[in-house]
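J.:
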Amino acid sequence: MTFYDPNHIDTANKFAGISFQHLLGTDHLGRDILTRLIYAIRPSLLYVFVALFVSVLIGSILGFLSGYFQGFVDALIMRACDVMLAFPSYVVTLALIALFGMGAENIIMAFILTRWAWFCRVIRTSVMQYTASDHVRFAKTIGMNDMKIIHKHIMPLTLADIAIISSSSMCSMILQISGFSFLGLGVKAPTAEWGMMLNEARKVMFTHPEMMFAPGIAIVIIVMAFNFLSDALQIAIDPRISSKDKLRSVKKGVVQS
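Here the sequence shown is numbered in full-length UniProt numbering, starting from 1 and rising by one per residue.
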């Protein structure tokens, strides 16, 4: 997509302005900012997608078990969720960094440890709601297998809720991983990552403030995009929102359930 290596150093061309050769200029080491901005998409989003996928998978499995079977299983899983949710994600992340050292892998591990419990609680509530519906009760009455009921009658209904909470959770996770990289605790140099690019630009922010614009704007755009995606999914899926409410929600950028 670009003609440059994101880690290629050219000190003779450092702090070059916007030109046809460098559409966003170069940084303090002469690296092309646009190239690094594009390559930064991979660690900034890939790590978040991995952590989100694993968190949703664990939360979904435990949430379905807890919400459908209830009783002792529900109580046991909910107590485990209470323990995990008692610790803020930032505290868990800092603890893991203190134990295992800096790196994106520890941040991903912290995301998984803290997020699965939140997903489990939300999915459990959704599953309990659908389990109490008439068609699920009828399926139980005729002796249908529990796994078949979950797969055929409950899972399709909960996929919409999972999609909504996943897209909304992406925003905070992107901000967190960029924030830790900005503090020097996440993705390590010279890997291109938006938070790391902000960290490097911070050192010359008074002499070359334009270096902070590109990664900062990229983070804002991506977070807003996933925010709007979450809102759009809720508007499209939730039948309780009328057409008038839809228009009002789109104008405000906020969906009220």
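Virtual Cβ for every residue (Gly too), placed ideally from N, Cα, C.
Given 8 angstroms as the limit, is there contact between the segment 112-128 and the segment 47-66, that is, 3 or more CB pairs closer than that?
T.: Verdict: yes, contact present.
J.: For ARG121, name the three-state secondary structure that DSSP assigns.
T.: Helix, per DSSP.
J.: How many Å lie between THR26 and ILE219 at the Cα?
T.: Roughly 19 angstroms between the two C-alpha positions.
J.: ASP63 lies in the alpha helix (DSSP H); which residues open and close that run?
T.: Sequence check: residue 63 is Gly here, not Asp. 41-69 is the extent of the alpha helix (DSSP H) around GLY63.
J.: Could you tell me the distance, in whole angstroms, from the CA atom of MET102 to the CA atom of GLN176?
T.: Those two C-alpha atoms are separated by around 14 angstroms.
J.: Decide if GLY184 is buried, meaning its Cβ has at least 16 other Cβ atoms within 10 Å, or exposed.
T.: By the 10 Å Cβ count, GLY184 comes out exposed.
J.: Would you tell me roughly how many angstroms separate the C-alpha atoms of VAL92 and ILE142, rounded to the nearest one?
T.: Roughly 47 angstroms between the two C-alpha positions.
J.: Going by the DSSP bridge assignment, what does THR93 pair with across the sheet?
T.: Paired residues: none, contrary to the question.
J.: Could you give the first and the last residue of the continuous alpha helix (DSSP H) run that contains LYS148?
T.: Start and end: 146-149.
J.: By a C-beta neighbour count over all protein chains shown, 10 Å radius and 16 as the cutoff for buried, is ASP10 buried or exposed?
T.: Classification of ASP10: exposed, given that the 10 Å Cβ count is below 16.
J.: Would you check if the segment 35-46 and the segment 64-81 touch, i.e. whether three or more CB-CB distances between them fall below 8 angstroms?
T.: Too few Cβ pairs lie closer than 8 angstroms, so no.
J.: Ignoring anything shorter than 4 residues, give me the alpha helix (DSSP H) runs that lie fully in the segment 152-240, in order along the chain.
T.: For the segment 152-240, whole alpha helix (DSSP H) runs of length 4 or above, ordered along the chain, are 155-182, 194-202, 213-237.
J.: Could you check the C-alpha separation between MET212 and ILE33 for me, to the nearest Å?
T.: Each residue's Cα considered, the two are about 10 angstroms apart.
J.: Would you say ILE77 and SER66 are within 8 angstroms of each other, going by their C-beta atoms?
T.: Yes, Cβ-Cβ distance for ILE77 and SER66 is below 8 angstroms.
J.: Exposed or buried, what is GLY186 when buried is set at 16 or more other beta-carbons lying within 10 Å of its beta-carbon?
T.: Buried: at least 16 other Cβ atoms inside 10 Å.
J.: Using C-beta distances below 6 angstroms, list every residue in its chain close to ASP161, excluding the 5 sequence neighbours before and after it, in chain order.
T.: The residues are SER126.
J.: In three-state terms, what does DSSP make of ASP32?
T.: Correct three-state label for ASP32: strand.
J.: Give every residue of the same chain whose Cβ lies closer than 6 angstroms to the Cβ of PHE182, excluding the five residues on either side of it in the sequence, and list them in chain order.
T.: Closer than 6 angstroms at Cβ, skipping near neighbours: GLY195, LEU198, ASN199.
J.: Would you report the Cα separation of residue 258 and ILE237, rounded to the nearest angstrom?
T.: Coverage of the chain is limited to positions 1 through 257, which leaves residue 258 absent and any answer about it impossible.
J.: Within the same chain, show all residues whose beta-carbon is closer than 6 angstroms to that of ASN227, passing over the 5 residues directly before and after it, in chain order.
T.: So the qualifying residues of the chain are CYS171.
J.: For GLY216, which residues in the same chain have their Cβ closer than 7 angstroms to its Cβ, ignoring the five residues on either side in sequence?
T.: Around GLY216: LEU198.
J.: What first and last residue would you give for the alpha helix (DSSP H) that runs through ALA139?
T.: Per DSSP, ALA139 belongs to the alpha helix (DSSP H) from 134-141.
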